[in-house]
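Worksheet for the structure shown next.
Chains as they are written, first to last, in my numbering: chain A, 2 to 144; chain B, 7 to 755.
Structure, rendered in structure tokens:
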């Protein structure tokens, strides 16, 4: 369960897991990716590719919704976007991103608006890294 | 819980259909894939609206809803779903975040069956879904079973209830009834019924008993089972059966009762009816033998305790059989009903069914035992539970005789009925019901013997004769098995040829060293029904004798056996005769049957079919004692009979009164014109023989030829008297024979 998110309290006190500088390997969790490919062990339905490309599409859409919500200070939209991104990111192994989403969602829910801009900045930055990693992963997948 | 076969299917053997609703495409895709992998059919929807639209066409086995969705979120979708007919009990699993306790509460409030924290551990989700499916099925089955139970209870007019004690502050206690139980009390499902109101529905006399029983049962925490009358709001009174068991808490303290109520009115009515049928005579409505014996036992118990006397009166109608025979059974029944009505007026008759309610009535309760009852047939009993002396009982008996004096109008005519009453007094004439019954019977028979239409009190003097009769009856029962019965034979003689042309079998009872004549036991045999086995034995024995004589001296005529008319009513008579003759290998005509004219005419309609069958198989019928009864001549022409037997009374007076020879002449003429043989019985002297012969009757029997004698003696008689032609009757008959053509020739056309 802890792969989905860190405890909410911990998220607020200490920063969520942040990728080590220069180390791209922790952007996508290897175990989560392995779980994913377990769903389609022989690759017959090309599940990993479909999931990863769906995730990329979804990520792009959610990031634009996030930008819009930030611009309009729409907290409800913010909460929904972070919530959705939290679980789909967890699914593809983007655990850092998922953790940031969770912390942001919690902050919205708690009304902790002071911490929110910094959190969202980090989230957007991590999202860029995840997108790159997913893109790279997709290119190495057999077609 | 054992599920019926339809729900017993192994979950893994089928693919349950799950509707997944999630706005996150990635999660949706992965969850769908993971569940398909684990044996589920998946329908997908990416929003609440889409899910609801899809459900109008598809019916999944369960629904997995993401709680957080734009637009219609999981909670609102669930609420909408529950409001849709058909989806009230659909299993819905709400997916929430781990850190979202508020959502969990909301999920249940929205009507979700369960919640599940979103995770990528798909087997956990699949396991939870299977569990949900199973519990939904179990729940469905419970619902069905509950509704079946409700329906069964409804049909049985039964319902369950709970009653809780008021416990110190925690629980205010009270009565809770299921809708079916409320219906038993004539109340709707929303009409409350408090214990107080329930008790008030019970009518007053029983209410006190009910509260007492409730109190006792509660204080001892025992099982309750009671039937109470209840006045329903509609005004009807029903009998309600209440049955309940105490319930205890963990500390073993009684917390109340749980049980059922049932409307048992119909059953009680049926039970009362059965009880009535078992205790009362269907024809007259009077207490029957069983009820009479029961009442008498109670009355004797009471008399014994209180030291007073009681009386039993046995009332037997005089010559009731004659009325039954002449007017028919329907008229006889009508008469019994009227007699019952009159008898009832002679005592303080009580119609109550009594079986134990007596004690409540106190010391005078035994008075309610007083009654007239019907023992059976035309026998009635009056029970007087308390008399000061026998004159009390005699006064009642006179009242009874007086009540019979008025003619009774039945079957279109007035009948005069009298009765014979026998009285036995407790304890003087007996201390048990059986003794009193027997001695009142003895007293009643003494009245019959003394000329009927009177009453008599039992005295030990009377018992002598009665006991003799009883002994005779029981001895006669054993006579057949002990081979004490014998047949004696009287030859039938054709005087013209001086030959034996047959024999009549007559029953004798060799009882020890004495030979009992038929007149001393045949009437008793008729009375007791023993005549049937006696007659059957006679037929068998006659067939055996016919065979023995056939072998011994070439006998080929028939042996006549006397049968009472009731034998001719038995459907098995023909078969029985057939068996008798077959057993000894003699033809059917070896047996001839004699029925008296009176017996024949009394029961003509019932006897005729049998006569026809007998004639068909070759058994000839002879009418005995002819001329003494009142034969319908019209019938006589059509009856399948072969022979008329002129009664001995006419033969006796032949040559003395001119009337007797006129009757004999008429019978002979009648027989001749009907083509019947004629035979005279009771011929004792030569003069009678000569006259009979002259009148045209050539076959006769009587002491002149031979008394009825044992079969071996008859053989000797033939050897020593008939064959050597040594008898005094042979010469004159032979002389007559010479003149025969002249004498009879004139009468023949």
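By construction, the Cβ of each residue, glycine as well, lies at the ideal position given by its N, Cα and C atoms.
The structure displayed is predicted, hence computed values, not measured ones.
* Asked: Is the stretch 493 to 503 of chain B in contact with the stretch 711 to 722 of chain B, if contact means three or more CB pairs nearer than 8 angstroms?
  -> yes
* To do: For residue 207 of chain B, count neighbouring Cβ atoms within 10 angstroms of its own Cβ and tell me buried if that reaches 16, exposed if not.
  => buried
* Taking contact to mean at least 3 C-beta pairs separated by less than 8 angstroms, is the stretch 297 to 306 of chain B in contact with the stretch 403 to 419 of chain B? -> no
* Asked: What do you get for residue 308 of chain B, buried or exposed, if any count of 16 or more other CB atoms within 10 angstroms of its CB means buried?
  -> buried
* beta strand (DSSP E) runs contained entirely in the stretch 27 to 67 of chain B, provided each spans 3 or more residues -> 47 to 51
* With a Cβ-Cβ cutoff of 9 angstroms, do residue 252 of chain B and residue 228 of chain B count as a contact? -> yes
* **Whole beta strand (DSSP E) elements within the stretch 632 to 663 of chain B, 3-residue minimum** => 649 to 652
* Partner residues on chain E for residue 81 of chain A, Cβ-Cβ distance less than 7 angstroms -> Absent from the structure is chain E; the protein chains it does hold are A and B.
* Measure from the C-beta of residue 1 of chain A to each C-beta in chain B and report whether the shortest distance is under 9 angstroms. => No answer is possible for residue 1 of chain A: it lies beyond the span of chain A, which begins at 2 and ends at 144.
* Asked: Can the beta-carbon of residue 53 of chain A be found less than 9 angstroms from the beta-carbon of residue 139 of chain A?
  -> yes
* **Of the listed residues B:113, B:125, B:101 and B:71, nearest to residue 91 of chain A (C-alpha basis)** => B:125
* Asked: Which term fits residue 66 of chain B, buried or exposed, when burial requires 16 or more other beta carbons within 10 angstroms of its beta carbon?
  -> buried
* Scan the stretch 26 to 45 of chain B for residues whose Cβ lies nearer than 8 angstroms to a Cβ of chain A and list them as they occur along the chain. => 29, 30, 31, 32, 33, 35, 36, 39, 40 and 43
* To do: Starting from residue 464 of chain B, follow the alpha helix (DSSP H) in both directions and report where the run begins and ends.
  => Unbroken run through residue 464 of chain B: none, as it is neither H nor E.
* To do: Return the CA-CA distance between residue 658 of chain B and residue 402 of chain B, expressed in angstroms with no decimal places.
  => 50 angstroms
* To do: Inspect the beta-carbon positions of residue 46 of chain B and residue 21 of chain B and report whether they are closer than 9 angstroms.
  => yes
* To do: Scan the stretch 387 to 447 of chain B and note each continuous beta strand (DSSP E) run of 3 residues or more that stays entirely inside, going in chain order.
  => 414 to 416, 419 to 421 and 425 to 432
* In angstroms with no decimal places, state the Cα-to-Cα distance between residue 568 of chain B and residue 512 of chain B. => 8 angstroms
* **Any chain B beta carbon closer than 9 angstroms to residue 35 of chain A** => no
* To do: Indicate the three-state DSSP secondary structure (helix, strand or coil) for residue 491 of chain B in the structure shown.
  => strand
* Asked: Any idea which residues DSSP pairs residue 564 of chain B with across the strands?
  -> B:508
* Can you name, in chain order, every residue of its own chain whose Cβ lies under 8 angstroms from the Cβ of residue 456 of chain B, other than the five neighbours on each side? -> 462
* Along chain B, which residues have their Cβ under 7 angstroms away from the Cβ of residue 52 of chain A? -> 32, 35 and 36
* Return the chain-ordered list of same chain residues with a C-beta closer than 7 angstroms to the C-beta of residue 481 of chain B, the five sequence neighbours on each side being excluded. => 517
* Determine the DSSP secondary structure at residue 233 of chain B, reduced to helix, strand or coil. => strand
* Hey, is residue 6 of chain B's beta-carbon within less than 9 angstroms of any beta-carbon in chain A? -> There is simply no residue 6 of chain B to check, as chain B begins at 7 and stops at 755 in what is shown.
* To do: Confirm, please, whether the CB-CB distance from residue 345 of chain B to residue 288 of chain B is below 9 angstroms.
  => no
* Asked: Looking at the unbroken beta strand (DSSP E) that takes in residue 265 of chain B, where does it start and where does it end?
  -> 260 to 269
* Measure the C-alpha to C-alpha separation of residue 293 of chain B and residue 443 of chain B and round it to an integer number of angstroms. => 16 angstroms
* To do: List the DSSP bridge partners of residue 598 of chain B.
  => B:566 and B:626
* To do: Using a Cβ-Cβ cut-off of 9 angstroms, state whether residue 103 of chain B counts as contacting chain A.
  => yes
* Asked: Looking at the C-beta of residue 108 of chain A, does it have a partner C-beta in chain B at a distance below 9 angstroms?
  -> no
* Can you name the start and end residues of the beta strand (DSSP E) that residue 183 of chain B belongs to? -> 180 to 183
* To do: Please report the residue range of the alpha helix (DSSP H) in which residue 87 of chain B lies.
  => 80 to 88
* Between the CA atoms of residue 271 of chain B and residue 584 of chain B - distance to the nearest angstrom -> 58 angstroms
* Residues sharing a beta bridge with residue 520 of chain B, DSSP -> B:517
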